[in-house]
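Residue numbers (UniProt numbering): 1 to 124. The beta carbon of each residue, even a glycine, is placed where N, CA and C say it ideally should be. Since we're looking at a predicted model, the values are computed, not measured. One structure is given here, and the rest of the page talks about it.
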């Protein structure tokens, strides 16, 4: 499974950039209550190419914190695969909210170039 970023068509045309890129090829789903509560807390490092994906039944405001997260992370809030918000959070002091039915946590820098309006999808 991999996490793929498709840039917004208008931005792609203006910048002449790459239309599609793989954000992560090592994707873990946080499906259970315990794995969702733990997230990336207490992990000594987050490898390049890794993503933790939280999926929910309905869009709602989702809060992400970095208390006990030992490395900076990039967070994506998605609704129906559309990027709503992108934020870099720092260890022990990051807190952000966003509307989402899916939240993705990545190592810092992995979401460089991802913008609201883009599409991010899990592909088998």
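- Around the C-beta of residue 74, 16 or more other C-beta atoms lie within 10 Å, and the residue is accordingly described as buried.
- Between the alpha carbons of residue 67 and residue 94 lies a distance of about 7 Å.
- Within the region 5-87, the complete alpha helix (DSSP H) segments of 4 residues or longer fall at 9-15, 33-38, listed in chain order.
- Per DSSP, the continuous beta strand (DSSP E) segment holding residue 98 begins and ends at 95-107.
- In this structure residue 47 is exposed. Its beta-carbon is surrounded by fewer than 16 other beta-carbon atoms within 10 angstroms.
- The residues 1, 3, 27, 53, in chain order, have a CB closer than 7 Å to that of residue 122 in the same chain once the five nearest residues on each side in sequence are set aside.
- By the Cβ neighbour-count rule, residue 109 is exposed, with fewer than 16 other Cβ atoms within 10 Å of its own.
- In the structure shown, the three-state DSSP call for residue 120 is strand.
- Using a C-beta cut-off of 8 Å, the region 83-99 makes no contact with the region 29-36, since fewer than three inter-stretch Cβ pairs fall below that distance.
- Rounded to whole angstroms, residue 76 and residue 102 show a C-alpha spacing of 8 Å.
- With contacts defined as CB atoms closer than 8 Å, residue 100 and residue 59 qualify as a contacting pair.
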